[in-house]
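Engineer:
4 protein chains.
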Amino acid sequence: MSHSVFDGFLSTPQMQQLFSPVAIVQAMMDFEAALARAEARCGVIPHGAAQAISSLCRAELYDVTALVAASNSAGSLAIPLVRKLSETVALFDPAAAAYVHWGSTSQDVIDTAMVLQTRRALQLIESDLLALAGHLLDLADNYPATPLLARTLMQPAAVSSLRARACHWVLPLIRCAQALRQAGDAALQLQFGGAVGTLATLGEQADAVTAALAEELRLPAPAVPWHTQRDRWVRLGAELGVLCGSVGKLAQDLALLAQPELGEMAETSEAGRGGSSAMPHKRNPVFCMQALAAARRAPQRVAGLLACMTQEHERGLGNWQAELAEWSGLLLSVHGAVQSMAQALAAPRVDAARMRANIEAQRGLVFAEGLALLLAPLQGKAAAQALVEALCARVVAGDVALPVLARQLLKDEPALDAGALEAQFDVHRIACHADSRVDAALNGARQQWSRLHDTPHW
Amino acid sequence: MSHSVFDGFLSTPQMQQLFSPVAIVQAMMDFEAALARAEARCGVIPHGAAQAISSLCRAELYDVTALVAASNSAGSLAIPLVRKLSETVALFDPAAAAYVHWGSTSQDVIDTAMVLQTRRALQLIESDLLALAGHLLDLADNYPATPLLARTLMQPAAVSSLRARACHWVLPLIRCAQALRQAGDAALQLQFGGAVGTLATLGEQADAVTAALAEELRLPAPAVPWHTQRDRWVRLGAELGVLCGSVGKLAQDLALLAQPELGEMAETSEAGRGGSSAMPHKRNPVFCMQALAAARRAPQRVAGLLACMTQEHERGLGNWQAELAEWSGLLLSVHGAVQSMAQALAAPRVDAARMRANIEAQRGLVFAEGLALLLAPLQGKAAAQALVEALCARVVAGDVALPVLARQLLKDEPALDAGALEAQFDVHRIACHADSRVDAALNGARQQWSRLHDTPHW
Amino acid sequence: MSHSVFDGFLSTPQMQQLFSPVAIVQAMMDFEAALARAEARCGVIPHGAAQAISSLCRAELYDVTALVAASNSAGSLAIPLVRKLSETVALFDPAAAAYVHWGSTSQDVIDTAMVLQTRRALQLIESDLLALAGHLLDLADNYPATPLLARTLMQPAAVSSLRARACHWVLPLIRCAQALRQAGDAALQLQFGGAVGTLATLGEQADAVTAALAEELRLPAPAVPWHTQRDRWVRLGAELGVLCGSVGKLAQDLALLAQPELGEMAETSEAGRGGSSAMPHKRNPVFCMQALAAARRAPQRVAGLLACMTQEHERGLGNWQAELAEWSGLLLSVHGAVQSMAQALAAPRVDAARMRANIEAQRGLVFAEGLALLLAPLQGKAAAQALVEALCARVVAGDVALPVLARQLLKDEPALDAGALEAQFDVHRIACHADSRVDAALNGARQQWSRLHDTPHW
Amino acid sequence: MSHSVFDGFLSTPQMQQLFSPVAIVQAMMDFEAALARAEARCGVIPHGAAQAISSLCRAELYDVTALVAASNSAGSLAIPLVRKLSETVALFDPAAAAYVHWGSTSQDVIDTAMVLQTRRALQLIESDLLALAGHLLDLADNYPATPLLARTLMQPAAVSSLRARACHWVLPLIRCAQALRQAGDAALQLQFGGAVGTLATLGEQADAVTAALAEELRLPAPAVPWHTQRDRWVRLGAELGVLCGSVGKLAQDLALLAQPELGEMAETSEAGRGGSSAMPHKRNPVFCMQALAAARRAPQRVAGLLACMTQEHERGLGNWQAELAEWSGLLLSVHGAVQSMAQALAAPRVDAARMRANIEAQRGLVFAEGLALLLAPLQGKAAAQALVEALCARVVAGDVALPVLARQLLKDEPALDAGALEAQFDVHRIACHADSRVDAALNGARQQWSRLHDTPHW
């Protein structure tokens, strides 16, 4: 329980754990241990010192709460941590204590710790993201030729298909999974520059220590430190924001479809989830709720990261520190959203009969575009459009359905083909056409999904 | 330690405490206890039931961590809390358990708990804000007639005074303190509407129970519940954002003045604060750092609150929940900023000699405006401006200082008054004029400060 | 057409006009003219000069496009404007040219011009806001005792009333109208400080000129200039953001209610509005569209204003300039939203029959809370809640409606009062109760609206 | 002059031109012409009709102002444009008019027009970005072994070099140029889906027409339309935000270095640029101003784009429209920033002597880290740190410089190597070391720059 009640409520226990004080302190300790080992391997510090330091870099040996409390007055969590680690090493091996944190600086250890935890975070996110994408691919497979009312500007527009919708939902998620790997690879690099980015203390051995340290932590070493040049880091953050947007779009659609007046689809129903403290009948779409909350918050987190990029000189005043806080907040949000939607789509309720009924309730209005285009070459566009609008107005006013009215045109308009007219009203045909528009994309998506799934990355 | 490492690092222990899980749960319990008492007073539930409920509304009796963990799957913290409270009451008084949370809903208890904690939060913020304002008023008092180089677009502009600067710093803070009281009074109202805002369950007694509950919690009761109409609440949030901006402006100025190349002012220096893990000589402006971090983050928090206002129907899906998380994040940030700057200005270092030296180093360039205005009526504006620009160019190129060059004009320009000319270069006179421009405002500010200070509000 | 296609599309012609280049230049000219007159009145500059200057401060005399183009390389629109004005004055009265812009600075003229245009903007916004509020008050009046399904988390919750909903919609708008007057009064002040805020050039006459200038422009004069202390200005901006949120909430609700599957309400229908380039039957809620677009954008605008508050020293580098651009963008958005919703609610379609039908379609589920609370004292809360949940599950599974099932309980539960039971299912009674909860608030709102309406402010 | 005064002020004429009403309308006309030609090639519409349509798709034939004005009430700019185009075609070829916009929808033409203009916008941005990067690479080349005081948390930290700083500035810009190409390639795709994304009207010819249309417009065709799945589009927007952050960091640094009290570097000085309306001597860093303004605004624009991603069903209500407005605003900002900094660095003033003098003014304090690390193995870390802090305190208090004090240690600490000690104070050696840390990265950057420069992409 290391985050605020309401942040935690909108996240997952796993992600909260990754950014808990203990986990952050351990990741910092991992950096210090790896640094000592790397420097010993390069002959910069004695092997014995490295061994002494390394063996004491275990968070459970320290009062993490006290370290965190001390960070505030110190101005950095690294300062009390390095001090405490040095003191502890000194208890066992006084000479070794001098080599704690050798040649490094606060930002090295904090940034690298964040990189290490972010790598784990991306693993969590990808795992749930692929699960979610898999559920959507299954949805597309399981519902061929299923007519679905397409809606634009929140009004019925024309008939499409559930498979087409599922395809549109899943493609960006697979793109996001790929983009996260790419952005993650670029961003998750060792931070190691010493006081001002030049590793002045290490002199000729700077390259060797950097390489050894990177190897110890299984991180790539950048060409130069990235302490105040956060573009790759923020690009990863922005990518997480884009993911939230894509997941939020899915949640928005699902919440709309789950309104009982539409009743076309609903998220996985679980005992004890989505109830109300006042209303016994309530089944709230609480998975969607998590994703929609994240979709509201992530843009602000990304803006925060971007706003913090103007870090002064060789280390920013306030902006670096603000970025760290925004960063962990973003990851908490994103995982809450992705995991929730993976659960929401694990066993979604799909009501194909309601989908069809809602189309029928439109009484043919949603075929207006097809009708107008059929008439346009015969009557001129303006006349055709006007005629169809007039027919639609009669339908809305309570007349018979549009197809019935349209068939009455056949006698006055001999050039109108009866078969072509009926095709405009054939929802099965329309749904099959909609399916056909996405088949290739879905096949591609399935292959990309399998490749992602079968090649663990993080 | 109930917030993320990096959020906590940028806040205060007191504010973290107010929004800790235990404190939130206790505030929710306070609502439930008050509700039971109020309903008993109105004859809605039995007195015995109210007593049983009320006596068990103590957070320390419950496993808060488990409640918070359960909130995620329940979709609301209120649901497990009410269930656990009901179960616990049932152990002692089975009949009473039926009356737990009677007629209320999750949002009532959560919103009101947030109101209760926010009231305490505003008290913390105001206390430090008034301390900060007091230090600035003292600064203005302590440094009369102290010339300070005014800078525009980050370049030297003309001479002003430290008192004028201090006045500009303090006025918005006093306005913020007043505005927070006003916005707080409007926002800190009981939330009580039952399932959909109509208190349907309470029938004719809805008004009476509302009044009694408001009295129990020492909160005003709004004309109607504000569950999805968050304007007053968000207005308070925006006000906190404005405060962060004003405090951030102060911190930005102080950080700039504290650059050793300027060296005019610096924040309070404290042993052990502002050091570096790498550089023994460092004295980082870590108080300013906190405020600057908040100034980067608060705008995003306010944007988050505003973005969450479009809550659907009688309770939003995702946006209400997101708002709660943004809200506590904002309060954490704001207090970190305000308390830090109160400490930064408690014993600031002021170097009036450096202020004067930096003016002198400008070699008279900062008197250019005055000189040009003196010449304009004599030579025409364009000619005067061109002449002064040419003189300035000579100064920049290494010639003697502008006053020296200007005095050479006296022989060619008989209409130029030597006394008026010298006055343009008289920094003492200019600083006194700058002081005089703010005297009335400072007096007013001191009085308002005293009034605020002497009439505790929260 | 002085704004981007897409900004303009989401705004109104009137507001675009107010912030057009010509209007901004004229407002700046108004400042220069007023300054000259004020300084002449105080004996600072010759009366003849003031007359010459004042008579030439007319935007139509200048090539506004060229002025705006020159602003970019000059770094401020004031610089080419003052130069051109001076040159023009010199053509007629060479001596007078020296007194153009006397003692003032770019920020004085630009900030004050923005204040002048913002005052006009607030008038536009208030006018449409009061129209909108009036329509909502009428809606509440016109639909007494009209049951409306209340929805929480986008699911049916319980029965409320249209009047209650209308009341919740209108109250924040009236609060916003009041708050805008208050925030506007605080923010719309003369900016006049000269180069660095001290009016150094004007010496002893600074106060007199300030007062005269304020009088000329019918603006209050602040105690001190507010050039880098933008709290009152940003507070007004935040207030506009809150207004957008409240209007956006209304638009969100209306767009949801207008889904034909709900079909309970829709915005004013106008010929030629809301059509589609492809679908002849479409009637898109384009008024809501405008408001929802603003609700997405305004939070970012407010964040932009807040982020710009940390202006360095006596004039910011980049942040002041960025704020000006965000400011006009915000006003464009807000007016688009408010005017659109005033039109949307001018003649809304209300379908009370559909409202009732949608309640009935719930088959009594939305009475579950009332039923559970009725049973709780008889059976214990947990048992009652479980029983009602079980009954609800039967209804959902296709059994008879909840009231029918509930009536069957009467024979097993003699303590259950038949009348009280029926009352739970009486939608008329429930709607009347909901109405009664808002009557006082509506009366108050109507009075406040009349007061606002009858006392023009701007 | 098609944008607001203040947006335009912070942008460039070229970018304003690209998003002017005329240019947008022409791009939409280009889509309609290409659509007609493509459909004729596929036999969907008569060749004659395509020719008639295509020949009239010229913006200069229409009253663009009227079209834009009509867009507001129509709810989309495409509606009046298609209507007017159809009417105009009908004047010449009544039959052809039926085929205008055949099978397409508003979003197709608007989104694709934005893609076309964005492609041109990226060309503008890249051109200036490469110019800027080239200037920075030259800066690095021209100033080898030039010591520069590195500053952290806005305080002097240690010595680095100008070449190292230039390298850190340029690398992210080259990464951004590469990333923009990649993100642009992914985002700049044809939008073509018809009413609801299924191209229902085109039936079997949907693929062929799509391919032909893409070819006509030299745009790739996506696997499926991206109307409500904006991830690639927003990813490009985020990339532009990252670019603004990197450019803003450069501007922030330059503005700080240009403070005359530091005086180490300044932007290109141009006659007539950076003056003041009040102060003749002013040389404001107005290029930096533009970039800093963009760095404040771009995060909000990106947040706006992200917030608009939750577009409902097959076309969003308000969010799509809001996104378009945010999009053009972002591009205006970005180009203003990049072009300005390219100008700022075209002929920067570099004062290596002041750089060295500012280091010397630190009186050795900035060598403290090196000294402490030298002593740590001899005395233990804590003792070494304490000793150096004590020496620093003496320097600050007015004693001799740190090197002098340090040399006094030689007599008490025989293990201290005099040569190693002196090396700590050798700024030339330190600057050369700093240079050496970036040599490889700079070589790589130069090569990447050449590759980008020599292979025009857009």
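Taken in sequence, the protein lines are chains L, C, B and Z.
Residues 13 to 470, numbered by our numbering, are exactly what the first sequence covers, in order.
Residues 13 to 470, numbered by our numbering, are exactly what the second sequence covers, in order.
Residues 13 to 470, numbered by our numbering, are exactly what the third sequence covers, in order.
Residues 13 to 470, numbered by our numbering, are exactly what the fourth sequence covers, in order.
Ideal Cβ positions, reconstructed from N, Cα and C, are used throughout, including at glycine.
(1) Could you name each continuous alpha helix (DSSP H) segment of 4 residues or more that falls completely within the stretch 374–444 of chain B, going from the start of the chain to the end?
(2) Would you tell me roughly how many angstroms separate the C-alpha atoms of L414 (chain B) and L185 (chain L), rounded to the nearest one?
(3) Please compile the residues from chain C whose C-beta is within a distance smaller than 7 Å of the C-beta of Q336 (chain L).
(4) Who pairs with V362 (chain B) in a beta bridge, going by DSSP?
(5) Below 8 Å on the Cβ atoms is my contact criterion, and I expect T164 (chain Z) with E326 (chain L) to pass it. Report the Cβ-Cβ distance as a whole number of Å.
(6) Identify which residue in C:T280, C:Q397, C:L229, C:D466 has its Cα closest to the Cα of A125 (chain C).
(7) With distance defined between alpha-carbon atoms, name the residue in Z:R368, Z:A430, Z:L428, Z:L214 nearest to G55 (chain Z).
(8) For R295 (chain B), return the contacting residues in chain L, with the cut-off set at a CB-CB distance below 8 Å.
(9) What span of residues does the alpha helix (DSSP H) with T130 (chain B) cover, start to end?
(10) Expressed to the nearest angstrom, what Euclidean distance is found between the alpha-carbon atoms of R53 (chain L) and I442 (chain Z)?
(11) Can you tell me the Cα-Cα spacing of H445 (chain L) and L385 (chain L), whole angstroms?
(12) DSSP on A349 (chain L), reduced to helix/strand/coil?
(13) Just how far apart, CA to CA, sit H113 (chain B) and I57 (chain B)?
(14) Which whole-angstrom value is the C-beta distance of S352 (chain C) and F31 (chain C), which I expect to be below 8 Å?
(15) Please report the distance separating the alpha-carbon of I36 (chain L) from that of L336 (chain L).
(16) Whole angstroms is fine: what's the gap from M13 (chain C)'s alpha carbon to Q28 (chain Z)'s?
(17) Please go through the stretch 208–233 of chain Z and give each complete beta strand (DSSP E) segment of 3 or more residues, from N-terminal end onward.
(18) Quick one: what's got a C-beta closer than 7 Å to Q38 (chain L)'s C-beta in the same chain, skipping five residues either side?
(19) Would you mind reading off the limits of the beta strand (DSSP E) that contains R163 (chain L)?
(20) For Q271 (chain Z), which three-state DSSP category applies?
(21) Considering Q201 (chain C), what are the terminal residues of the alpha helix (DSSP H) in which it resides?
(22) Can you have a look at Q241 (chain Z) and say buried or exposed, based on whether 16 or more other CB atoms are within 10 angstroms of its CB?
(23) By the 10 Å Cβ neighbour count, where 16 or more other Cβ atoms means buried, how is D265 (chain L) classified, buried or exposed?
(24) Under 9 Å, Cβ to Cβ, is there at least one residue of chain B near A453 (chain L)?
(25) Have a look at L464 (chain L) and G196 (chain L) and give me their C-alpha separation to the nearest angstrom.
(26) Using the C-alpha atoms, what's the distance from Q271 (chain Z) back to S258 (chain Z)?
(27) Using the rule of at least 16 other Cβ atoms within 10 Å of the residue's Cβ for burial, across every protein chain shown, is H232 (chain B) buried or exposed?
(28) Skipping 5 residues on each side, what residues in its chain have a beta carbon closer than 8 Å to that of S111 (chain C)?
(29) In chain C, which residues lie less than 7 Å from E434 (chain B) when you measure between Cβ atoms?
(30) Could you tell me if H347 (chain Z) is buried or exposed, where buried requires 16 or more neighbouring beta carbons within 10 angstroms of its beta carbon?
(31) Quick one: list the residues of chain B neighbouring T117 (chain Z), beta-carbon separation under 9 Å, in chain order.
(32) Exposed or buried, what is D19 (chain C) when buried is set at 16 or more other beta-carbons lying within 10 Å of its beta-carbon?
(33) Just how far apart, CA to CA, sit D451 (chain L) and Q217 (chain Z)?
(34) Using 10 angstroms around the beta-carbon of A409 (chain C), count the other beta-carbons present and answer buried if the total reaches 16, otherwise exposed.
Structural biologist: Let me spell this out:
(1) As far as the stretch 374–444 of chain B is concerned, its whole alpha helix (DSSP H) runs of at least 4 residues are 380–391, 393–408, 414–424, 430–436.
(2) Residue 414 (chain B) sits at position 402 when you count from the first residue of the third sequence. Residue 185 (chain L) sits at position 173 when you count from the first residue of the first sequence. Taken atom to atom, the span from the alpha-carbon of L414 (chain B) to that of L185 (chain L) is near 42 Å.
(3) Taking the first residue of the first sequence as position 1, residue 336 (chain L) is located at position 324. As written in the sequence, residue 336 (chain L) is Leu, which differs from the Gln given in the question. Near L336 (chain L) (Cβ distances below 7 Å), the residues of chain C are F18.
(4) The count along the third sequence starts at 1 and reaches residue 362 (chain B) at position 350. Its beta-bridge partners are B:M277.
(5) Here the question's residue 164 (chain Z) lines up with position 152 in the fourth sequence. Here the question's residue 326 (chain L) lines up with position 314 in the first sequence. Confirmed, Cβ separation roughly 5 Å.
(6) Taking the second sequence and counting its residues from 1, one reaches residue 125 (chain C) at position 113. Taking each of C:T280, C:Q397, C:L229, C:D466 in turn and checking the Cα distance to A125 (chain C), the smallest one comes out for C:L229.
(7) Indexing the fourth sequence from 1 puts residue 55 (chain Z) at position 43. Ranked by Cα distance from G55 (chain Z), the first of Z:R368, Z:A430, Z:L428, Z:L214 is Z:L214.
(8) Taking the third sequence and counting its residues from 1, the one referred to as residue 295 (chain B) is at position 283. In chain order: Q167.
(9) Counted from its first residue, the third sequence places residue 130 (chain B) at position 118. Judged by DSSP secondary structure, T130 (chain B) falls within the alpha helix (DSSP H) whose first and last residues are 118–154.
(10) Here residue 53 (chain L) corresponds to residue number 41 of the first sequence, with the count starting at 1. Here residue 442 (chain Z) corresponds to residue number 430 of the fourth sequence, with the count starting at 1. Computed Cα separation, rounded: 25 Å.
(11) Locating residue 445 (chain L) in the first sequence gives position 433, counting from the first residue. Locating residue 385 (chain L) in the first sequence gives position 373, counting from the first residue. Taking C-alpha positions only, H445 (chain L) is separated from L385 (chain L) by approximately 17 Å.
(12) Here residue 349 (chain L) corresponds to residue number 337 of the first sequence, with the count starting at 1. Helix at A349 (chain L).
(13) Translated into positions along the third sequence, residue 113 (chain B) becomes position 101. Translated into positions along the third sequence, residue 57 (chain B) becomes position 45. Roughly 11 Å separates the two Cα atoms.
(14) Counting from 1 along the second sequence, the entry for residue 352 (chain C) is found at position 340. Counting from 1 along the second sequence, the entry for residue 31 (chain C) is found at position 19. Not a contact, Cβ separation roughly 18 Å.
(15) Working through the first sequence from its first residue, we reach residue 36 (chain L) at position 24. Working through the first sequence from its first residue, we reach residue 336 (chain L) at position 324. The straight-line gap from Cα to Cα measures roughly 12 Å.
(16) The count along the second sequence starts at 1 and reaches residue 13 (chain C) at position 1. The count along the fourth sequence starts at 1 and reaches residue 28 (chain Z) at position 16. Confidence in M13 (chain C) is poor, its pLDDT being 44 and thus under 50, which makes the residue's placement too unreliable to answer from.
(17) Listed in chain order, there is nothing to give.
(18) By 1-based counting over the first sequence, the position of residue 38 (chain L) is 26. Excluding residues up to 5 positions away in sequence, A71 lie with their Cβ nearer than 7 Å to the Cβ of Q38 (chain L) in the same chain.
(19) Numbered from 1 along the first sequence, position 151 holds the residue referred to as residue 163 (chain L). Bounds of the beta strand (DSSP E) holding R163 (chain L) are 159–164.
(20) On the fourth sequence, position 259 is the one that residue 271 (chain Z) refers to. Note: Q271 (chain Z) maps to coil in three-state DSSP.
(21) Sequence index remark: in the second sequence, residue 201 (chain C) carries index 189 (1-based). Segment: none, Q201 (chain C) is in no alpha helix (DSSP H) and carries neither H nor E.
(22) Here residue 241 (chain Z) refers to the residue found at position 229 when the fourth sequence is read from its first residue. It counts as buried.
(23) The residue labelled residue 265 (chain L) in the question sits at position 253 within the first sequence. The residue in question, D265 (chain L), is buried, as its Cβ has 16 or more Cβ neighbours within 10 Å.
(24) In the first sequence, the residue the question calls residue 453 (chain L) occupies position 441. Chain B contact via Cβ: absent.
(25) Taking the first residue of the first sequence as 1, we reach residue 464 (chain L) at position 452. Taking the first residue of the first sequence as 1, we reach residue 196 (chain L) at position 184. If you draw a straight line from the Cα of L464 (chain L) to the Cα of G196 (chain L), it comes to about 14 Å.
(26) Position 246 of the fourth sequence, counted from the first residue, corresponds to residue 258 (chain Z). Position 259 of the fourth sequence, counted from the first residue, corresponds to residue 271 (chain Z). In this structure, the alpha-carbon of S258 (chain Z) lies about 21 Å from that of Q271 (chain Z).
(27) Counting from 1 along the third sequence, the entry for residue 232 (chain B) is found at position 220. The sequence as given places Pro at residue 232 (chain B); His does not occur at that position. In the assembly as shown, P232 (chain B) is an exposed residue. Its beta-carbon has fewer than 16 other beta-carbons within 10 Å.
(28) Along the second sequence, one-based indexing puts residue 111 (chain C) at 99. The sequence shown places Tyr at residue 111 (chain C), rather than the Ser named in the question. Contacts found: A48, E51, I57, P58, A61, A62, I65.
(29) Along the third sequence, read from residue 1 onward, the residue named residue 434 (chain B) stands at position 422. For E434 (chain B), there are no C-beta contacts with chain C under 7 Å, since the nearest C-beta of that chain is about 14 Å from it.
(30) Working through the fourth sequence from its first residue, we reach residue 347 (chain Z) at position 335. With 16 or more other Cβ atoms inside 10 Å of its own Cβ, H347 (chain Z) counts as buried.
(31) Within the fourth sequence, numbered from 1, the residue matching residue 117 (chain Z) stands at position 105. Ordered by position in chain B, the residues that pass the 9 Å Cβ test against T117 (chain Z) are S288, S289, A290, M291.
(32) Position 7 of the second sequence, counted from the start, is the residue given in the question as residue 19 (chain C). Residue burial annotation: D19 (chain C) is buried, with at least 16 other C-beta atoms found within 10 angstroms of its C-beta.
(33) In the first sequence, counting from the first residue as 1, residue 451 (chain L) sits at position 439. In the fourth sequence, counting from the first residue as 1, residue 217 (chain Z) sits at position 205. Rounded to whole angstroms, D451 (chain L) to Q217 (chain Z) spans 16 Å at the Cα level.
(34) Residue mapping note: residue 409 (chain C) aligns to position 397 of the second sequence, counting from 1. When all chains shown are included, A409 (chain C) counts as exposed.
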